[in-house]
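Numbering (the numbering used here), first residue to last: 897 to 1190.
Only one structure is covered here, and it is reproduced in the block below.
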């Protein structure tokens, strides 16, 4: 197994560790915070950045810069003579030069076989309580639920919900997610609104895609043209859109000229029995419309 060092011991670094540990042997952490040097995280030592060349001379290794602002650290590592440098961007890893996505083994495509139950894939960066409760509604109805995450596994947060999923997939690139969704036998793909671009990509997978919009960011912040476009594509391209409040749904319908029958309002609390029935019916209609090409 190839060896690596993760630069950055914070939340992003630890999320990177969670995703990389199946593919790499991690031999050290590194960080510019001197108070961390000499400590251990998950039993792995934190070293001074100046010690990294000692490891790279002994091993063939990759360095993953897992912090928000990566450019300064990348330059720091280059001054130390390091070249196999990758940066974290939104849960994915890219080469520091050219931002080429790092390739990992492809996910095995999901097959239903003779199973007649619905197979639903939930997709999120870090699945939250809302995602898990919706998945539990589907599970309670006798269907099967699966989860693909981009940043953080449910075993790291909300672990009490993790065991209800038949499989949990760690997504290593947006291309890998698209290929997996397109070529797997999922009946419905339920996308969380974080991040918007996932829905905008998966609507081209040929599957029934449901978009759960927790917030209409264009109403609260000055989005770039790219951000506005992704929000537009997610709302208009999905087979159905779920909103937490009537007010948010009405704003989206007005802003993007949506057909109201393709939307539903499911509040965060409580998930009452009537809402459960409405949600399941909404999934059913959305899948039927997709098959009809409506």
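For each residue, glycine too, the CB sits at the ideal point set by N, CA and C.
- Pairwise C-alpha distance: residue 1076 and residue 1068: Residue 1068 and residue 1076: Cα-Cα distance of roughly 11 angstroms.
If the criterion is Cβ atoms closer than 8 angstroms, does the pair residue 923 and residue 959 meet it? For residue 923 and residue 959, no; Cβs fall outside 8 angstroms.
Distance between residue 904 and residue 1140 (C-alpha atoms, nearest Å) = 35 angstroms
Check your understanding: Three-state secondary structure (DSSP) at residue 1074?
Key -> helix
Report buried or exposed for residue 1115, applying the criterion of at least 16 other Cβ atoms within 10 angstroms of its Cβ.
exposed
Quick one: Cα of residue 1036 to Cα of residue 953, how far?
54 angstroms
Original post:
Does the Cβ of residue 909 have 16 or more other Cβ atoms within 10 Å, making it buried, or fewer, making it exposed?
Top reply: With 16 or more Cβ atoms within 10 Å of its Cβ, residue 909 is classed as buried.
Specify whether the region 987 to 1001 and the region 1057 to 1071 touch according to this definition: at least 3 beta carbon pairs, one from each stretch, less than 8 angstroms apart.
yes
Note to self: DSSP three-state label for residue 966, please.
What the structure shows: coil
Could you tell me the boundaries of the alpha helix (DSSP H) in which residue 949 lies? 948 to 954
Practice prompt. Sort 986, 1159, 951, 944 by Cα distance to residue 969 and report the nearest one.
Written response: 944
Query - Run of the alpha helix (DSSP H) containing residue 916, from where it starts to where it stops - result: Per DSSP, residue 916 belongs to the alpha helix (DSSP H) from 907 to 916.
Exercise. Helix, strand or coil for residue 1086, going by three-state DSSP, please let me know.
Key: strand
* Counting pairs of beta carbons, one from the region 1014 to 1028 and one from the region 1079 to 1096, are three or more of them closer than 8 angstroms? -> yes
- Message: I need the straight-line Cα distance from residue 1134 to residue 990, nearest angstrom please.
- Response: One Cα belongs to residue 1134, the other to residue 990, and the distance between them is close to 28 angstroms.
Original post:
Are residue 1110 and residue 1098 close, meaning C-beta to C-beta below 8 angstroms?
Top reply: no
- Query: Would you report the Cα separation of residue 1178 and residue 1112, rounded to the nearest angstrom?
  - Reply: Each residue's alpha carbon lies about 21 angstroms from the other.
Next item on the list: Whole angstroms is fine: what's the gap from residue 1143's alpha carbon to residue 1155's?
Entry: 15 angstroms
Relative to the C-alpha of residue 1183, which candidate in 965, 1158, 1030, 1043 has its C-alpha closest? 1158
*asked:* What does the Cβ neighbour count give for residue 1034, buried or exposed, with the cut at 16 atoms within 10 Å?
replied: buried
Measure the CB-CB distance between residue 921 and residue 936 and report whether it falls below 8 angstroms. no
So what's residue 1061 in DSSP terms, helix, strand or just coil? Reduced to three states, the DSSP call for residue 1061 is coil.
Quiz prompt | Option nearest residue 977 by Cα separation, candidates 985, 951, 1125, 986 | solution = When only C-alpha atoms are compared, the closest one is 951.
Segment limits, beta strand (DSSP E) that includes residue 1111: Counting along the chain, residue 1111 falls outside any beta strand (DSSP E), and DSSP gives it neither H nor E.
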